[in-house]
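Note sheet for the following structure.
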Amino acid sequence: MSIPTPLILVAGGLAFVVAEMLLTFRIARRLGNFGIVDAVWSAGFTPLVLLYLAITSTRQSGDPAGGNPWAEALPARLPLTLMVVAWSLRLGMHLAIRVRAHHPVEDVRYAELRREWGADTDRKMRGFFLLQGVLQVVLSTPWLIGSLHPPDPRAGTSAACFWAGLGLWAAGILGESLADHQLARFRADPARRGQVCQVGLWRYSRHPNYFCEWLVWVGYGIFALSSPWGWLGLVAPALMYHFLVNVTGIPMTEALSVKSKGEAYRAYQRTTNAFFPGPPHTG
Numbered sequence: 508m509s510i511p512t513p514l515i516l517v518a519g520g521l522a523f524v525v526a527e528m529l530l531t532f533r534i535a536r537r538l539g540n541f542g543i544v545d546a547v548w549s550a551g552f553t554p555l556v557l558l559y560l561a562i563t564s565t566r567q568s569g570d571p572a573g574g575n576p577w578a579e580a581l582p583a584r585l586p587l588t589l590m591v592v593a594w595s596l597r598l599g600m601h602l603a604i605r606v607r608a609h610h611p612v613e614d615v616r617y618a619e620l621r622r623e624w625g626a627d628t629d630r631k632m633r634g635f636f637l638l639q640g641v642l643q644v645v646l647s648t649p650w651l652i653g654s655l656h657p658p659d660p661r662a663g664t665s666a667a668c669f670w671a672g673l674g675l676w677a678a679g680i681l682g683e684s685l686a687d688h689q690l691a692r693f694r695a696d697p698a699r700r701g702q703v704c705q706v707g708l709w710r711y712s713r714h715p716n717y718f719c720e721w722l723v724w725v726g727y728g729i730f731a732l733s734s735p736w737g738w739l740g741l742v743a744p745a746l747m748y749h750f751l752v753n754v755t756g757i758p759m760t761e762a763l764s765v766k767s768k769g770e771a772y773r774a775y776q777r778t779t780n781a782f783f784p785g786p787p788h789t790g
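Here the sequence shown is numbered in the numbering used here, starting from 508 and rising by one per residue.
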């Protein structure tokens with residue numbers, strides 16, 4: 508009995524992320540820096556989407572016994588694959604540079620978890636890493652769908668989803684890169700040490716990098732909408748919004764900012780939107 512391609516994609520993705528995260532855990536423990544998981548998590552989407560491309564191109568080839576299945580698959584699937592690879596490697600490299608710059612000092616989030624978990628840190632952190640891997644597979648739903656049924660940029664609704672998704676993705680990538688650059692320049696100025704960054708995009712949102720990251724995921728979700736069951740791809744931007752706004756993004760970042768900058772950051776909170784950009788308002 509032939510196994511459905513979606514099940515093979517999910518199984519292959521899960522097998523990859525388990526191996527990826529177990530290896531990352533061992534390296535992180537040896538380095539004494541669990542913060543490397545952030546860079547690995549981001550960059551790890553690249554081999555994941557390439558795995559989806561390899562599986563679908565081979566199984567959906569018109570003539571699997573002959574010819575070149577990759578040549579058949581690439582024209583339709585290349586745009587989405589390149590979108591994921593460009594986003595994944597840019598973010599992964601950005602985070603890797605940040606981790607390297609602070610090593611051996613560990614990101615405060617993981618340092619806090621070490622203190623909280625104590626002697627049980629290794630066991631719980633291994634589980635945390637594996638959970639991050641499972642999340643990779645869940646968030647990759649739009650790409651799985653897009654690999655099975657890539658949108659056609661020349662035909663009706665499919666074309667609308669293709670170009671709308673691509674446009675939002677591009678806006679998110681450019682905005683996030685600009686926000687990261689503006690923040691890095693601000694922090695590099697000794698005269699601004701300890702101040703709150705309110706330049707450029709940071710004047711209109713306290714977390715423009717998170718907002719633009721979310722836009723990237725909205726783009727992926729829309730990209731998949733023209734496919735059968737494409738609405739399942741919207742789980743990715745919905746989950747990403749929840750994590751950024753309610754879980755590990757804004758709440759943790761703002762708590763640390765208030766702790767380090769005090770009243771200056773509280774004033775920033777009163778005048779500037781947390782997530783969605785908007786004009787500054789009076790406190």
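Cβ coordinates follow ideal geometry from the N, Cα and C atoms, glycine included.
Checklist entry - Taking CYS719 as the reference, which of SER733, PRO784 and GLN705 has the closest Cα? => result Position 212 of the sequence shown, counted from the first residue, corresponds to residue 719. For CYS719, the nearest C-alpha among the options comes from PRO784.
Item to check | alpha helix (DSSP H) segments (min. 4 residues) lying fully within the segment 707-734 | outcome: 715-731
Checklist entry - At which residues does the alpha helix (DSSP H) containing ARG622 begin and terminate? => result Within the sequence shown, the letter at position 115 stands for residue 622. Note, ARG622: alpha helix (DSSP H), 615-624.
Next on the checklist: Here's the rule I'm using: 16 or more other beta-carbon atoms within 10 Å means buried, otherwise exposed. How should ASP545 be labelled?
Outcome noted: For the purposes of this step, residue 545 is identified with residue 38 of the sequence shown, where counting begins at 1. ASP545 is buried by the Cβ-count criterion.
Checklist entry - Measuring CA to CA, which of GLU623, LEU538 and TYR717 is closest to ASP687? => result Position 180 of the sequence shown, counted from the first residue, corresponds to residue 687. Of GLU623, LEU538 and TYR717, the residue nearest in Cα terms is TYR717.
Checklist entry - Can you give the beta carbon distance from GLY728 to PRO657, rounded, assuming they're within the 8 Å contact cut? => result In the sequence shown, residue 728 corresponds to position 221, counting from 1. In the sequence shown, residue 657 corresponds to position 150, counting from 1. 15 Å between Cβ atoms; not a contact.
Item to check | Exposure of VAL754, with buried meaning 16 or more beta-carbon neighbours within 10 Å | outcome: Residue mapping note: residue 754 aligns to position 247 of the sequence shown, counting from 1. By the 10 Å Cβ count, VAL754 comes out exposed.
Checklist entry - So, is HIS609 buried or exposed, given that buried needs 16 or more other C-beta atoms within 10 angstroms? => result In the sequence shown, residue 609 corresponds to position 102, counting from 1. Classification of HIS609: exposed, given that the 10 Å Cβ count is below 16.
Checklist entry - Excluding five sequence neighbours on each side, which residues of the same chain lie with their C-beta closer than 7 Å to the C-beta of ARG536? => result Translated into the one-based positions of the sequence shown, residue 536 becomes position 29. Closer than 7 Å at Cβ, skipping near neighbours: ASP629.
Item to check | Limits of the unbroken alpha helix (DSSP H) element including GLY682 | outcome: On the sequence shown, position 175 is the one that residue 682 refers to. From DSSP, the alpha helix (DSSP H) with GLY682 extends over 663-695.
Checklist entry - With 16 other CB atoms within 10 Å as the buried threshold, where does ILE652 fall? => result Sequence index remark: in the sequence shown, residue 652 carries index 145 (1-based). By the neighbour-count rule (16 or more Cβ atoms within 10 Å), ILE652 is buried.
Item to check | Distance, LEU673 Cα to LEU516 Cα | outcome: Counting from 1 along the sequence shown, the entry for residue 516 is found at position 9. Counting from 1 along the sequence shown, the entry for residue 673 is found at position 166. Looking at the two C-alpha atoms, the distance is approximately 23 Å.
Checklist entry - Taking C-alpha atoms, which residue in PHE635, VAL742 and CYS704 lies nearest to TRP877? => result Because the chain here runs from 508 to 790, residue 877 falls outside it and cannot be looked at.
Item to check | Inter-stretch contact at 8 Å, needing at least 3 Cβ pairs: the segment 589-603 / the segment 613-629 | outcome: no
Item to check | Own chain residues within Cβ distance below 8 Å of LEU638, not counting five before or after | outcome: For the purposes of this step, residue 638 is taken as residue 131 along the sequence shown, with counting starting at 1. If we look at LEU638 and ignore the five residues flanking it on each side, it has no Cβ neighbours.
Checklist entry - Which residue's Cα is closest to the Cα of ARG633: GLY542, TYR748, PRO786 and ALA745? => result As a first step, residue 633 is located in the sequence shown; it is residue number 126 there, counting from the start. That would be GLY542, whose Cα lies nearest to the Cα of ARG633.
Checklist entry - Of all the options ASP659, THR553, PHE693 and ALA522, which has the alpha carbon lying nearest to the alpha carbon of MET590? => result Locating residue 590 in the sequence shown gives position 83, where the first residue counts as 1. Nearest of ASP659, THR553, PHE693 and ALA522 to MET590, Cα basis: THR553.
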